[in-house]
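Engineer: Heads up: the sequence shown is residues 10 to 334, going by the numbering used here.
Ideal placement from N, C-alpha and C gives every residue a C-beta, glycine not left out.
For reference, the structure I am asking about is given below.
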Amino acid sequence: MGSFEPQEAAAGRSQPTEGKRRRDLPADASVETKRPAWLKRLALFLVCGFIGLAVSGCATALNAITPSGDYRLVADLAYGPGERRVLDLYLPKTMTPTTPVVVFIHGGSWDTGSKDIYPFVGQSLASAGFIVAIPNYRLYPQTRFPGFVEDGAAAVAAVDRLARAGREGIPAGRHPLFLMGHSAGAEIAGLIATDRRYLAGAGSSVERLAGFIGLSGPYDFLPLTDARYKRIFPEATRAASQPVNFVSGDEPPALLITGADDTTVDPKNTQSLAARLKAAGVPVETTVYPGLGHIDTISSFSTVLPLGDRRIRAEVIRFIRERAG
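Now the structure itself:
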């Protein structure tokens with residue numbers, strides 16, 4: 010089985026921002042964003058080139074130069090009680106009743122991270138014409154497994170209901186729904202796509218998913234050796250934390266991407282889930298990018314700097330468009 014290796018650079022990560030203004034779904038007002046001009050790009054490229062674009066280290070600067078004209082931002086919509094159960098919507102300029110919706114679940118080893126790190130992902134996909142939702146979810150020690158997966162499923166179901174009902178300026182319709190995650194977020198998304206109980210518990214179903222996109226995800230990472238992860242995943246629940254254990258053949262089509270040089274999450278995780286899906290007859294595409302590490306698969310979504318491999322963004326956009334019909 011593939012292993013999940015802990016990421017050591019925890020001190021460089023951005024921590025979640027609590028106490029922010031939140032609004033319950035549905036809501037009427039929207040928040041427009043403005044970004045600084047192009048001139049900061051060279052400085053950012055030099056800085057990120059030296060430190061290797063740790064997501065929390067360079068994302069703030071990357072987001073500052075990411076153009077905002079491609080989308081309208083609706084921030085801090087509540088999908089449940091508590092400070093962490095909020096999400097941001099990135100709405101493209103043009104939408105129809107069939108515009109695809111992508112819910113992106115961020116990573117951070119289940120104990121750190123925030124939607125506020127990923128406006129560059131929202132912009133990247135909204136500029137391709139997709140409606141994008143990026144939720145926060147409860148982190149350890151506020152919760153343990155399966156709390157963060159339950160939050161992810163609640164966010165997916167809430168976004169689906171919002172889009173179908175035509176709220177926040179989205180045309181009402183049966184929008185194709187895609188679930189995407191990076192790192193720990195890919196584990197959460199993978200469980201939502203494979204273990205039917207999560208969406209059912211949120212009042213939705215796996216059948217609503219048109220596709221699952223996993224970037225550098227841990228899907229088959231037992232046994233645990235690090236005390237940190239043993240605390241997050243209580244022993245009695247560990248088998249239930251592995252997406253590979255729930256593949257039944259009823260999963261949505263999947264696109265699994267990883268980097269061959271990933272030392273944080275063993276690429277064997279991707280290969281293991283892909284093999285299970287294929288054996289069950291689920292359409293699955295797998296790409297292992299030579300020379301790329303753990304952060305590269307998500308930094309590749311930058312539209313302003315040549316980070317990672319831009320073929321990853323193109324592959325994801327192609328997959329969504331094809332599977333959306």
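Please name the residue, chosen from D125, A219, A193, that lies closest to V111 on a Cα-to-Cα basis.
Structural biologist: Checking every option, the nearest Cα to that of V111 belongs to A219.
Engineer: Smallest Cα separation from P144: which of F230, G268, A248, L96?
Structural biologist: Looking at the Cα atoms, L96 is the closest of the given residues.
Engineer: Of all the options G223, P276, S213, which has the alpha carbon lying nearest to the alpha carbon of G300?
Structural biologist: The option with the nearest alpha carbon to G300 is P276.
Engineer: Any idea if S257 is buried or exposed, counting beta-carbon neighbours within 10 angstroms, 16 or more meaning buried?
Structural biologist: Counting Cβ neighbours within 10 Å, S257 comes out exposed, since fewer than 16 surround it.
Engineer: So, helix, strand or coil for G220, using DSSP?
Structural biologist: In this structure, G220 counts as strand in the three-state DSSP scheme.
Engineer: In chain order, what residues of the same chain lie with their CB nearer than 6 angstroms to the CB of E324, ignoring the 5 residues before and after it?
Structural biologist: Answer for E324: no residue qualifies.
Engineer: Three Cβ pairs or more, each shorter than 8 angstroms: is that satisfied between the segment 154-161 and the segment 189-202?
Structural biologist: Yes, the segment 154-161 is in contact with the segment 189-202.
Engineer: With a Cβ-Cβ cutoff of 8 angstroms, do R247 and Y149 count as a contact?
Structural biologist: Taking 8 angstroms as the Cβ cut-off, R247 and Y149 do not qualify as a contacting pair.
Engineer: Which partner residues does V95 have in the DSSP bridge list?
Structural biologist: BP columns for V95 point to A87.
Engineer: Taking Cβ positions, are V313 and T75 nearer each other than 8 angstroms?
Structural biologist: Closer than 8 angstroms, so yes.
Engineer: Does the beta-carbon distance from F310 to V168 come in below 8 angstroms?
Structural biologist: Going by C-beta atoms, F310 is not nearer than 8 angstroms to V168.
Engineer: What first and last residue would you give for the alpha helix (DSSP H) that runs through A333?
Structural biologist: Counting along the chain, the alpha helix (DSSP H) containing A333 begins and ends at 319-333.
Engineer: What are the complete alpha helix (DSSP H) segments, minimum 4 residues, inside the segment 129-196?
Structural biologist: Here the runs fully enclosed are 156-174.
Engineer: State the Cα-Cα distance for the pair F230 and Q251, rounded to the nearest angstrom.
Structural biologist: In a straight line, the C-alpha of F230 is about 7 angstroms away from that of Q251.
Engineer: Based on DSSP bridge pairs, tell me the residues matched to Y298.
Structural biologist: For Y298, which the question treats as bridged, DSSP gives the partners G268.
Engineer: When DSSP labels each residue in this structure, what does V215 get in the three-state scheme?
Structural biologist: Three-state DSSP puts V215 in a helix.
Engineer: Report the residue from V165, D270, R332, A135 whose alpha carbon sits nearest the alpha carbon of V215.
Structural biologist: It is V165.
Engineer: For A289, which three-state DSSP category applies?
Structural biologist: The answer is coil: DSSP assigns A289 none of H, G, I, E or B.
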